[in-house]
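*Asks:* Supplied in structure tokens, the structure appears directly below.
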Amino acid sequence: MQAVKDANYIKMTQTPVPKLILKLAIPTTISMVISSIYNMADTFFVSLLDDTSQTGAVGVVFALMAIIQAVGFTIGMGSGSWISRLLGRKEKKYASSIAITAIVMALFFGTLILLLGKIFMKELMFVLGATDTILPHAEAYGGYILFAAPVMALSFTLNNILRAEGKATFSMIGIGLGGLLNIALDPVFIFGLKMQVSGAALATAISQCFSCLLLLAPFLLKKTSVNLSFKNVSKKFSDYVNILRFGLPSFCRQGLSSASSVILTNCAKFAAGVYADAAIAGMGVVSRVFMFAFSLCLGLGQGYQPVLGFNYGAKKYRRVKQSFIFTLSVCTILFLITATLGYIFAPDIIRIFSDKDDLGVKMLEIGTYAFRAQCIAMPFLPVGVMCNMTYQSLGRSGTATFLSSLRQGLFYIPLIICLSRMFGLFGVECSQAISDILTFFVSVPFGIRFMKEINGKILSEENDD
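Those letters in the sequence shown? Residues 23 to 487, by the working numbering.
This is the structure in structure tokens:
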């Protein structure tokens, strides 16, 4: 067992950086892409019902899923970034304590969401942007999602802990097979059992439980660097605070994503007037399609984070610098290619999820314009994402939280509220793209500051030698 853990340390600190990042990023990216695909699968299969209101319900509940994801990522990323640095310093016992503590926290907060969501279901759906016609479908879809909330929060946490110690392949298997199961179950429940939109939610809930079991298996089989035992749950209040503090950037990023999704839905609803259901469905589709494209950069970045944290903890600063430059370069190239293809084929992509009635035609028009606007801004995204991930991996919670708040919060929320009032639906469609460009310009100085810091540490090492 000790030999396995030592081998993992050697791998993380001695493998050539590009090879190591790609080795960790490829399974992570695959799992992110599959996750995005099965998120879109619900939208796709529900759209085949030729009921734009049911398609809109999936978009409304997407904000609820983002809340659950925010909890899982906050605890998972908070504990994961800490675990990476602890393993880099060879403090394995403490890392194991943080891991089991994070799991207990995920179950607690996931259960809290379940209870509160079931009590205030109708009010919650209206807050998330449901119209009177969408509400019954949103309640049906959201009910199953809420029952799966504790498991979903736990899955996100386990996923991040596995990646933090460089076990991205296990993460890919858990997320990937769960996603494939979701895609397989969707048509069975929606059409075979005639459950309609409820069937899509049940398929998602079952697949999330399956993923959770697969993600838990490596820990139970002792294939990980950390050991899980409930007797090691931390009794120090400061450990719980630090997990949340280190995960605060993720909470802001995911929480603001959920909040902005709610505001987007409501602004689209009021700006579109009689086409409210079409606008909600169209913007919901764009959000999911964009997340598929975004998962390419996010997957690569999540392969980069454990490399950064591990080597920073081990004081191997040249590897830290090399990992930052390599990942930023590859992400930028990927996004340039993705943005070009997305802009060209935007109508064909959105048409996959649209109906053929009048609302479906309007949904296609709204979705195409909004997606093309986001494609224009897409090449600006990697700098903001990389700076945010870098400072979070180093435990710089304050800076990382500020950076994570920019894209979906400090810029996007004011923009969508103001522009929707000034320019109607056009303002709704353009807000995210403008926010992405502004986030780029604010993030650049933080990237420069990080590089200066690392160059200073490298120079100090050379002088010591």
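Even for Gly, the Cβ is constructed at its ideal location relative to N, Cα and C.
Just so we're clear, the structure is a prediction, and the values are computed from it rather than from any experiment.
To the nearest angstrom, report how far apart residue 140 and residue 482 are at their CA atoms.
*Replies:* Against the sequence shown, residue 140 aligns to sequence position 118. Against the sequence shown, residue 482 aligns to sequence position 460. When rounded, the distance between both Cα atoms is 57 Å.
*Asks:* How would you write the range of the alpha helix (DSSP H) that residue 435 sits in, first residue to last?
*Replies:* Here residue 435 refers to the residue found at position 413 of the sequence shown. Per DSSP, residue 435 belongs to the alpha helix (DSSP H) from 434 to 445.
*Asks:* Can you give the Cα-Cα distance for residue 339 and residue 232, rounded to whole angstroms?
*Replies:* Stepping through the sequence shown from its first residue, residue 339 is reached at position 317. Stepping through the sequence shown from its first residue, residue 232 is reached at position 210. Cα to Cα, residue 339 sits roughly 39 Å from residue 232.
*Asks:* Take residue 372 as the anchor and find which of 354, 392 and 355 has the nearest alpha-carbon.
*Replies:* Indexing the sequence shown from 1 puts residue 372 at position 350. Residue 392 is the option with its Cα nearest to residue 372.
*Asks:* Is it a yes or a no for the segment 226 to 245 touching the segment 392 to 404, going by three-plus beta-carbon pairs under 8 Å?
*Replies:* no
*Asks:* Quick one: Cα of residue 126 to Cα of residue 251, how far?
*Replies:* If you number the sequence shown from 1, residue 126 lands on position 104. If you number the sequence shown from 1, residue 251 lands on position 229. So the alpha carbons of these two residues sit roughly 11 Å apart.
*Asks:* Under three-state DSSP, which class holds residue 41?
*Replies:* Working through the sequence shown from its first residue, we reach residue 41 at position 19. DSSP places residue 41 in helix when its eight states are reduced to three.
*Asks:* Go through its chain and collect everything with a Cβ distance to residue 196's Cβ below 6 Å, but skip five positions before and after it.
*Replies:* The residue given as residue 196 occupies position 174 in the sequence shown. Cβ neighbours of residue 196 beyond the five flanking positions: 233, 236 and 237.
*Asks:* What separation, rounded to the nearest whole angstrom, lies between the Cα atoms of residue 488 and residue 475?
*Replies:* The structure shown does not extend to residue 488, since the chain spans only 23 to 487, so no value can be given for it.
*Asks:* If you check the beta carbons only, do residue 290 and residue 302 fall under 7 Å apart?
*Replies:* Within the sequence shown, residue 290 is the residue found at index 268, counting from 1. Within the sequence shown, residue 302 is the residue found at index 280, counting from 1. In this structure, residue 302 lies closer than 7 Å to residue 290 by Cβ.
*Asks:* Can you give the Cα-Cα distance for residue 286 and residue 225, rounded to whole angstroms?
*Replies:* Residue numbering aside, residue 286 sits at position 264 when the sequence shown is read from its first letter. Residue numbering aside, residue 225 sits at position 203 when the sequence shown is read from its first letter. Distance between the alpha carbons of residue 286 and residue 225: 26 Å.
*Asks:* In angstroms with no decimal places, state the Cα-to-Cα distance between residue 465 and residue 47.
*Replies:* The count along the sequence shown starts at 1 and reaches residue 465 at position 443. The count along the sequence shown starts at 1 and reaches residue 47 at position 25. Cα to Cα, residue 465 sits roughly 23 Å from residue 47.
*Asks:* Are there 16 or more other CB atoms within 10 angstroms of the CB of residue 41, so buried, or fewer, so exposed?
*Replies:* The count along the sequence shown starts at 1 and reaches residue 41 at position 19. Residue 41 should be labelled exposed.
*Asks:* Can you tell me where the alpha helix (DSSP H) holding residue 144 begins and where it ends?
*Replies:* Position 122 of the sequence shown, counting from 1, holds the residue named residue 144. Residues 143 to 149.
*Asks:* Please state the DSSP three-state secondary structure of residue 258.
*Replies:* Taking the sequence shown and counting its residues from 1, one reaches residue 258 at position 236. In the structure shown, residue 258 falls within a coil segment according to DSSP collapsed to helix, strand and coil.
*Asks:* Exposed or buried, which one is residue 443 when buried takes at least 16 other CB atoms within 10 Å?
*Replies:* Taking the sequence shown and counting its residues from 1, one reaches residue 443 at position 421. Answer is exposed; the Cβ neighbour count stays below 16.
*Asks:* Touching or not, the segment 204 to 220 and the segment 59 to 71, by the rule of three or more beta carbon pairs under 8 Å?
*Replies:* Contact check between the segment 204 to 220 and the segment 59 to 71: three or more CB pairs, one atom from each, fall below 8 Å, which counts as touching.
*Asks:* Measure the alpha-carbon distance for residue 35 versus residue 336 and round it to whole angstroms.
*Replies:* As a position in the sequence shown, residue 35 is number 13, starting the count at 1. As a position in the sequence shown, residue 336 is number 314, starting the count at 1. The alpha-carbon atoms of residue 35 and residue 336 are separated by roughly 8 Å.
*Asks:* Spatial neighbours of residue 327 within its chain, please: C-beta separation below 6 Å, excluding the five flanking residues on both sides.
*Replies:* For the purposes of this step, residue 327 is taken as residue 305 along the sequence shown, with counting starting at 1. Taken in chain order, the residues that qualify are 411 and 415.
*Asks:* Determine the extent of the alpha helix (DSSP H) in which residue 249 is found, giving its start and end residues.
*Replies:* For the purposes of this step, residue 249 is taken as residue 227 along the sequence shown, with counting starting at 1. Element bounds for residue 249: n/a, residue is neither H nor E.
*Asks:* So, for residue 52: in the same chain, excluding its five sequence neighbours on each side, which residues have a beta-carbon less than 7 Å away from its beta-carbon?
*Replies:* Sequence index remark: in the sequence shown, residue 52 carries index 30 (1-based). 194 and 198, listed in sequence order.
*Asks:* Hey, residue 405 and residue 469 are a contact pair by Cβ (cut 8 Å); roughly how many whole angstroms apart?
*Replies:* Your numbering for residue 405 matches position 383 in the sequence shown. Your numbering for residue 469 matches position 447 in the sequence shown. Indeed they touch by this definition, with Cβ atoms about 6 Å apart.
*Asks:* Under 7 Å Cβ to Cβ from residue 227, same chain only, skipping five residues before and after it: list those, please.
*Replies:* For this step, residue 227 is matched to residue 205 along the sequence shown. Closer than 7 Å at the Cβ level, and outside the excluded window around residue 227, lie 166, 167, 169 and 170.
*Asks:* So, helix, strand or coil for residue 135, using DSSP?
*Replies:* In the sequence shown, counting from the first residue as 1, residue 135 sits at position 113. The answer is helix: DSSP assigns residue 135 an H, G or I state.
*Asks:* Does residue 477 pass the burial test, meaning 16 or more other C-beta atoms within 10 Å, or should it be called exposed?
*Replies:* The sequence position of residue 477 within the sequence shown is 455, counting from 1. Exposed, because fewer than 16 other Cβ atoms sit within 10 Å of the Cβ of residue 477.
*Asks:* Closest to residue 429 by CA distance: which of 278, 440, 359 and 81 is it?
*Replies:* The residue given as residue 429 occupies position 407 in the sequence shown. From the listed residues 278, 440, 359 and 81, the smallest Cα separation to residue 429 is found for 278.
*Asks:* Can residue 95 and residue 178 be called in contact, C-beta distance under 7 Å?
*Replies:* On the sequence shown, residue 95 is found 73 positions in, with the first residue counted as 1. On the sequence shown, residue 178 is found 156 positions in, with the first residue counted as 1. Residue 95 places its beta carbon less than 7 Å from that of residue 178.
*Asks:* What would DSSP say about residue 25, mapped onto helix, strand or coil?
*Replies:* Walking along the sequence shown from the start, residue 25 turns up at place 3. In this prediction, residue 25 has a pLDDT of 48, which is less than 50 and means its spatial position is unreliable; what the coordinates show is noted afterwards. Residue 25: helix per DSSP, three-state reduction.
*Asks:* With a floor of 4 residues, list each alpha helix (DSSP H) that falls wholly inside the segment 335 to 392, ordered by position along the chain.
*Replies:* The segment 335 to 392 is shown to contain whole alpha helix (DSSP H) runs of 4 or more residues at 339 to 366 and 368 to 373, in chain order.
*Asks:* Would you mind listing the alpha helix (DSSP H) stretches within the segment 160 to 232 that are 4+ residues and don't spill past its ends, in chain order?
*Replies:* 171 to 186 and 190 to 209
*Asks:* With a threshold of 7 Å on Cβ separation, who are the neighbours of residue 249 within its own chain once the five nearest residues in sequence on each side are excluded?
*Replies:* On the sequence shown, position 227 is the one that residue 249 refers to. Excluding positions up to five away in sequence, the list reads 118.
*Asks:* Under DSSP, the alpha helix (DSSP H) around residue 403 begins and ends at which residues?
*Replies:* In the sequence shown, counting from the first residue as 1, residue 403 sits at position 381. Counting along the chain, the alpha helix (DSSP H) containing residue 403 begins and ends at 403 to 415.
*Asks:* Applying the 10 Å Cβ sphere with the 16-neighbour rule, what's the burial state of residue 161?
*Replies:* Taking the first residue of the sequence shown as 1, we reach residue 161 at position 139. That one is buried.
*Asks:* When DSSP labels each residue in this structure, what does residue 155 get in the three-state scheme?
*Replies:* By one-based count along the sequence shown, residue 155 stands at place 133. Note: residue 155 maps to coil in three-state DSSP.
*Asks:* In angstroms, rounded to a whole number, what distance separates the CA positions of residue 207 and residue 222?
*Replies:* In the sequence shown, residue 207 corresponds to position 185, counting from 1. In the sequence shown, residue 222 corresponds to position 200, counting from 1. Straight-line Cα distance between these residues: approximately 8 Å.
*Asks:* Check residue 64 in the structure and name its three-state DSSP category.
*Replies:* Within the sequence shown, numbered from 1, the residue matching residue 64 stands at position 42. Three-state result, residue 64: helix.
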